[in-house]
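*Asks:* Encoded as structure tokens, here's the structure I'll be asking about.
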Amino acid sequence: MAIKKVLVIGAGQMGSGIAQVMAQGGMDVVIRDIKDEFVQRGIAGINKNLTKSVEKGKLTAEEKEAIMKRIC
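All letters in the sequence shown, in the order written, are residues 1486 to 1557 by this note's numbering.
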């Protein structure tokens, strides 16, 4: 049985990092925290990290968008 969807509790630096790695690995990721603003901040951080990867040529813009679509 393959894992297809994961839940990350906590959207801080570690939680958002875990979520990013899981999404880059092809899994759907749900992020939860005590406040929605924390989740949004974590997702914004992931977006920033992926944008840097695109700028460095490590990812394409299409790959970045596909990764971001796997995170909610």
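Glycine included, C-beta positions come from ideal geometry on N, C-alpha and C. Because the structure is a prediction, the values reported are computed rather than measured.
To test your reading of the DSSP string, which unbroken beta strand (DSSP E) runs of 3 or more residues are found completely within the segment 1506-1535?
*Replies:* Complete beta strand (DSSP E) runs here, min 3: 1513-1517.
*Asks:* Say whether the segment 1521-1531 touches the segment 1490-1500, bearing in mind that this needs 3 or more beta-carbon pairs closer than 8 Å, one atom from each stretch.
*Replies:* Touching, yes, given that three or more Cβ pairs across the two stretches are closer than 8 Å.
*Asks:* Does the Cβ of I1488 have 16 or more other Cβ atoms within 10 Å, making it buried, or fewer, making it exposed?
*Replies:* Answer is exposed; the Cβ neighbour count stays below 16.
*Asks:* I need the boundaries of the alpha helix (DSSP H) containing K1549, first residue and last residue.
*Replies:* 1546-1554 is the span of the alpha helix (DSSP H), which, as asked, contains K1549.
*Asks:* Does the beta carbon of K1533 come closer than 8 Å to any beta carbon on chain B?
*Replies:* The chain inventory of the structure shown lacks chain B, comprising one protein chain alone.
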